[in-house]
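Below: one structure, written as structure tokens.
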Amino acid sequence: MANLYNILFSEVNFVLSILLIVLILYWLLTMIGGIDFDLDFDVDVDIDAGQAVDVTTGMEGGNMDFQDISNAEVNQEDVIGKKRKPLKWWQIFLIYFNFVGLPFMFTFTFWIFIWWFMTALVTTLTYSYDNFFGFVVMLLALFPALIVTKILTTPFKGFFKNLNKDGDAPIDYLGRKALLLSTISEEKMGNAEVRVDGNSMSVYVKSLTGEALPYGSNVLIIKRSPDHNYYLVQLYND
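Here the sequence shown is numbered in my numbering, starting from 25 and rising by one per residue.
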């Protein structure tokens, strides 16, 4: 057991082992109830000629919503039907290795686990977990780990695509009271918590008039944006 500990937390394997532990804790916390920080996660990529998808990233007040990250994915219905410039290399990378098309954290966890497993196995067999050759093994294992990740995660595309395919009844947020989880003003968006049938929902919101609305304010959801990505709100007066 002591020898296993020395291998997994050796100079070579330490970073990947710690990262894997963090990911395991993340999934446990997510299953228990999630952690609400405040993140706006989109990606801007072109899929095919004449098609484009929004996948850009933006932080709101230094906060993150782990639920948003773990479920962030590009869906077919988000495709915009107009021609855009050619794909950038990192966009091709994300699409090819299934970081787009599946929940990001799902694919990322697969990749880190496989990378960690390959590195730990090879460095153990070659007794290189505490020398320079071990670091070479770790760096080289990054690429086959990506390939194996692509192979293992591809079957899940159909699962996530068809998951809950009949869908639940859409929730009408218009006219509902919400609690701001971040300060918003002018073009700055944030998150708001809405309670529906005893359940808390997080939605992206923007000030209807552009006036500054501070964190913790009670707001009223007035209407939805034309692109259906956020809601416009104003201060709620009891």
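By construction, the Cβ of each residue, glycine as well, lies at the ideal position given by its N, Cα and C atoms. Being a predicted model, the structure only gives us computed values, none of them experimental.
Can you tell me where the alpha helix (DSSP H) holding residue i begins and where it ends?
| i | result |
| --- | --- |
| Ser-41 | 38–56 |
| Met-162 | 156–177 |
| Met-129 | 128–149 |
Rounded C-beta distance between residue i and residue j? I'm assuming under 8 Å.
| i | j | result |
| --- | --- | --- |
| Thr-148 | Ala-165 | Not a contact, Cβ separation roughly 13 Å. |
| Tyr-239 | Ser-209 | About 11 Å separates the two Cβ atoms, so there is no contact after all. |
| Trp-135 | Leu-170 | 6 Å |
| Ala-202 | Val-257 | 7 Å |
Can you say whether residue i is buried or exposed, counting buried as having 16 or more other CB atoms within 10 angstroms of its CB?
| i | result |
| --- | --- |
| Lys-230 | buried |
| Thr-233 | exposed |
| Arg-219 | exposed |
| Val-161 | buried |
| Gly-199 | exposed |
| Asn-30 | exposed |
| Val-36 | buried |
| Thr-177 | buried |
Would you tell me roughly how many angstroms separate the C-alpha atoms of residue i and residue j, rounded to the nearest one?
| i | j | result |
| --- | --- | --- |
| Met-225 | Asp-196 | 12 Å |
| Trp-139 | Asn-215 | 35 Å |
| Leu-237 | Gly-222 | 25 Å |
| Lys-212 | Val-124 | 26 Å |
| Leu-47 | Thr-133 | 7 Å |
| Phe-156 | Ser-34 | 12 Å |
| Tyr-151 | Tyr-120 | 34 Å |
Suppose contacts are defined by Cβ-Cβ distances below 8 Å. Is residue i in contact with residue j by that definition?
| i | j | result |
| --- | --- | --- |
| Tyr-260 | Val-243 | yes |
| Leu-126 | Lys-181 | yes |
| Leu-44 | Phe-137 | yes |
List the endpoints of the continuous beta strand (DSSP E) containing residue i.
| i | result |
| --- | --- |
| Leu-244 | 242–248 |
| Leu-198 | Looking at the DSSP string, Leu-198 is not in any beta strand (DSSP E), and its letter there is neither H nor E. |
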